[in-house]
Every structure is written in structure tokens, then in C-alpha cells.
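Residue numbering for the sequence shown follows numbering that gives the first Met the number 0, beginning at 0 and increasing consecutively.
The beta-carbon is built from N, C-alpha and C at its ideal position, and this holds for glycine as well.
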Amino acid sequence: MTMNTTDREQRHQARMQRKKAVVDAAIERADRDQGLLLVLTGNGKGKSSSAFGMVARALGHGLRVGVAQFIKGRSDTGEEGFFRAHPNVRWHVLGEGFTWETQNLTRDTETAQRSWAMAREMLRDEHLGLVVLDELTYPLKYGWLDIATVLDDLAARPPMQHVVITGRAAPDALIDAADTVTELCDVKHAFRAGIRAQKGVDL
Ligand code: ATP
Ligand code: MG
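Below is the structure:
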């Protein structure tokens, strides 16, 4: 037997009412403001592009933003071209490529340490409402940066400053320290079908 339209309407309305009550109660409970630490990790595409989406959001609200990129993959990305010239953006890119490019441990470590000094400056700048530490997980993974130092500097930042960290294989200690963690899962990627990085999508 099929339900008539009125029955379906009423059931739908009752279900939505119950859902609204649950959502409203959850919204009511979340009544605090604070600077958040977000970690975007995993093998799927979308970590850095999500971080730069938040840069756009923050700038749209008049916040100042700092970006430190911990691997210099390429300097011709759309995000760099678009955001770097923005008056409310501070942009820092690591001096040179690393590992398979430089193959020099001492130099990589020095470069990473210099970059962390820049990041630390951003984390001490209370005028910055958002700081993006793009691909920070790699220097941590290779041991060029000390995780304890990084966590101390993150903990000491201004209370309302948000920080987004991206990169694969985020260390557990970083995940523990974060407020929001998303793992992007690689279901499929066009690169494996032989399609090179496309402007506006991959860079
Ligand atoms: P995006 O910058 O596009 O958000 P991402 O930050 O999640 O990507 P990275 O590991 O930093 O990923 O890789 C950057 C580049 O590698 C991008 O061009 C992206 O499209 C590509 N890429 C990301 N994930 C994969 C994957 N699983 N296979 C192949 N290429 C990938
Ligand atoms: Mg990335």
C-alpha cells in the first residue's frame, strides 16, 4: 500500500522537526570562541586547496593572514599569484626544494629551521588572524624540525589566532594537539590516468 501525499508530508515534517531540535541543541552548546588548530592530512587531494579556501574566507572577513610554505614545489601556483600581492597577506616560501632535489641533509635542515623562524614570527604576531603552515608535515617527518619546538610555538600563539597545517602523514603528537583534523582519502586521482597537473585545479 502506498502512503498518500499528506502522510508523507507529515512524516517528513516530523522528522525534520526532530532533526532541527538536535541541531539547534548542538549549536546552542557550542558557545565559545577561540583560535583553532586545524590539521589537513591524508593521501587524497584537497589539503592545500582547502587551506587556501580558508585564506579567502579569512580575508573576506578582514583578517590578516600569514602563509608559510615548507616545500617549494613550484612558484607558479594560482594561490601564490592571487594572494601574495594582497595587502593583508604575508607570504613566505622556503628557500629551495628539498630531498630528491637537493639531496643534502645539512642544507635541508638549515633551510627548514630558517623557515620555522619565519613561521614562529607569524605565530607571535597577534595581528595575524590566520596562519597557514603548508606542507609542514614533511620537515617534521624527515626530522629537520623538532616536533616539541613546533608544538611549543603553536601553544604560545595568540589565543584567537587560527592555524592550518597541511601535509601527508601528520605525526600523532600534532593530531593530539589539534582541534579539528581531517584526513583526505585518495579514492581516485587523474594523475594516475596520465593527466598532468591542471591550472586552477592542481596549481
Ligand atoms: P591540493 O594542493 O591540490 O589541494 P594536496 O595539498 O592535498 O593537493 P599534495 O600532497 O600537497 O596534495 O600534492 C600537491 C599536488 O599533487 C597537487 O597538484 C595535487 O593535485 C597532486 N596530488 C594530490 N594528491 C594526489 C594523489 N593522490 N595522486 C597524485 N597527485 C596528487
Ligand atoms: Mg599540499
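Can you grab the Cα-Cα spacing for the pair V180 / L37, in whole Å?
-> A direct Cα-to-Cα measurement between V180 and L37 gives close to 6 angstroms.
Simplified DSSP assignment, three categories, for E27 = Assignment of E27 by DSSP, reduced to helix, strand and coil, places it in the helix class.
Considering only the beta carbon of each residue, do G43 and V186 sit closer than 9 angstroms?
-> Their beta carbons are under 9 angstroms apart, which means G43 touches V186 by this criterion.
Helix, strand or coil for M0 per DSSP?
-> Confidence at M0 is low in this model, with a pLDDT of 49, below 50, so its placement is unreliable and no value can be given for it.
Which class does W203 belong to by DSSP, given the choice of helix, strand or coil?
-> This structure leaves residue 203 out entirely; the chain is present only between 0 and 202.
Whole-angstrom distance between A177 and R28, CA atom to CA atom | Answer to the nearest angstrom: the Cα atoms are 20 angstroms apart.
S114: CB within 8 angstroms of a non-hydrogen atom of ligand 1 | No; taking the cut-off as 8 angstroms, the Cβ of S114 has no heavy atom of ligand 1 nearer than that.
Buried versus exposed call for V92 [16 or more other C-beta atoms within 10 Å across all chains shown] | Per the 10 Å Cβ criterion, buried.
Which stretch, first to last residue, makes up the alpha helix (DSSP H) that contains E182?
-> Counting along the chain, no alpha helix (DSSP H) covers E182; the unbroken beta strand (DSSP E) around it starts and ends at T179 to E182.
Taking just the CA atoms, how far does L39 sit from T136?
-> One C-alpha to the other measures close to 10 angstroms.
Where does the unbroken alpha helix (DSSP H) through R106 begin, and where does it stop?
-> Looking at the DSSP string, the run of the alpha helix (DSSP H) that includes R106 is L104 to L122.
Does the Cβ of F134 lie closer than 8 angstroms to at least one heavy atom of ligand 2?
-> Residue identity differs from the one stated: residue 134 is Glu in this sequence, not Phe. Checking every heavy atom of ligand 2 against the Cβ of E134, one is found closer than 8 angstroms.
Proximity of G52 and E182 at Cβ, strictly below 9 angstroms | Inclusion of G52 and E182 in the CB contact set at 9 angstroms is not warranted, their separation being larger than that value.
Would you please state the rounded distance, in angstroms, between the beta carbons of A168 and K198? I believe it to be under 8 angstroms.
-> In fact, because the Cβ distance is near 27 angstroms, the residues do not count as touching under 8 angstroms.
Return the residue from the list Q16, R10, V66 and D75 that minimises the CA-CA distance to S114.
-> Nearest C-alpha to S114: V66.
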